[in-house]
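J.:
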Amino acid sequence: MGRRSGVLEFAVLGLLHDAPMHGYELRKRLNILLGTFRALSYGTLYPCLKNLVAQGFLVEDNPDVEYVPATALNGKRSKIVYRLSAEGKQRFEELLADSGPDAWEDEHFGVHFAFFGQTDRAVRMRVLEGRRSRLEERLERMRNSLARARERFDDYTVELQRHGLESVEREVRWLNELIETERSNRTGRTGPDTGGTAADPRKTSDGRGQEGGSPDPSGPPYDRPGRSAQER
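899 is the number of the first residue of the sequence shown in the working numbering; add one for each residue after it.
As structure tokens, then:
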């Protein structure tokens, strides 16, 4: 299974774990939950749903209510409600417990973080620490690239690379705060005042925050699924 389809499978199973829903509602929830899937189409979602049904992870229910999806090609169709089977619940628990390298990558980490409220603390720690390790490796490469760019490229190209570097540095600081919070909770201590908390990732460890409470539009993608999970 491809990386993108694996992320979608995880997200679908996670949302349906909360409650059964039909494809139209599920697509709306996915678009809210996953910033990377904002343009998720029915042509992407329905094959995934059919595949999960074929694998026995989902069950289709057909109520008598008719509804009109937002497509001009198929007109009215029966509203199919999807719910998790026992196998689907087990599959979601397996994905939830995965803390390997795939869980540290950009798209996978965002989905894992969205369901952290249902994840075992030890798994959360492994995912957070793995993500931080992955980003620290990326930082080293980006710093070396920036040093070379100053000698080879114009000022605008250098600024673009510097912007990317600062975004990764900001995410590492945020991860440090989350990891410290997890460790403090595990030992029963109150975490230190680092200038930001897991509930307010807009504040950084150097004490700076977003004025007016609005999120940083250039911030990392995991901000969105994290907030959506809390809103649910």
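Ideal placement from N, C-alpha and C gives every residue a C-beta, glycine not left out. Just so we're clear, the structure is a prediction, and the values are computed from it rather than from any experiment.
For E907, name the three-state secondary structure that DSSP assigns.
T.: It is helical.
J.: Is the beta carbon of R1041 closer than 8 Å to that of L1073?
T.: Against a cut-off of 8 Å, the Cβ pair of R1041 and L1073 comes out as no contact.
J.: Enumerate in chain order the residues of its own chain whose CB-to-CB distance from R927 is below 8 Å, with the five nearest sequence positions on each side excluded.
T.: Answer for R927: L913, M919, listed in chain order.
J.: When you compare only the Cα positions, how much space is there between A1096 and A1001?
T.: With a pLDDT of 38 at A1096, under the threshold of 50, the modelled position of this residue cannot be trusted; read the value that follows with caution. Rounded to the nearest angstrom, the two C-alpha atoms are 19 Å apart.
J.: Suppose the cutoff is 6 Å on Cβ atoms and the five residues either side in sequence are ignored; what does the same chain contact list for D959 look like?
T.: Within the same chain, D959 has close Cβ partners V979.
J.: For the structure I just gave you, are there three or more beta carbon pairs, one from the segment 1019-1034 and one from the segment 1061-1070, closer than 8 Å?
T.: Contact holds: three or more Cβ-Cβ distances are below 8 Å.
J.: Could you tell me the distance, in whole angstroms, from the CA atom of V1009 to the CA atom of Q1016?
T.: Approximately 12 Å, taken between the alpha carbons.
J.: For a quick check, are the C-beta atoms of I1077 and E1003 less than 8 Å apart?
T.: Taking 8 Å as the Cβ cut-off, I1077 and E1003 do not qualify as a contacting pair.
J.: How far does the alpha helix (DSSP H) with E1027 in it reach, from first residue to last?
T.: Run containing E1027: 1019-1050, per the alpha helix (DSSP H) assignment.
J.: Residues in its own chain within less than 6 Å of D1104 by CB, not counting five upstream and five downstream?
T.: For D1104, the predicted model reports a pLDDT of 43, less than 50, meaning its position is unreliable and no value from the coordinates is stated.
J.: Under a Cβ-count criterion, where at least 16 other Cβ atoms within 10 Å of its own Cβ denotes burial, should T1055 be classed as buried or exposed?
T.: Label assigned to T1055: exposed.
J.: Across which residues does DSSP place L956 in a beta bridge pair?
T.: Note: L956 sits in a beta bridge opposite L982.
J.: Identify the residues that DSSP records as bridge partners of H920: which are they?
T.: Looking at the DSSP assignment, H920 forms a beta bridge with V979.
J.: State the Cα-Cα distance for the pair H1061 and E1075, rounded to the nearest angstrom.
T.: Their Cα atoms are separated by approximately 22 Å.
J.: Would you say F1014 and L982 are within 8 Å of each other, going by their C-beta atoms?
T.: No, they are not a contact pair.
J.: Leaving out five residues on either side along the sequence, give the residues of the same chain with a beta carbon under 8 Å from the beta carbon of A1047.
T.: T1055, V1056, Q1059.
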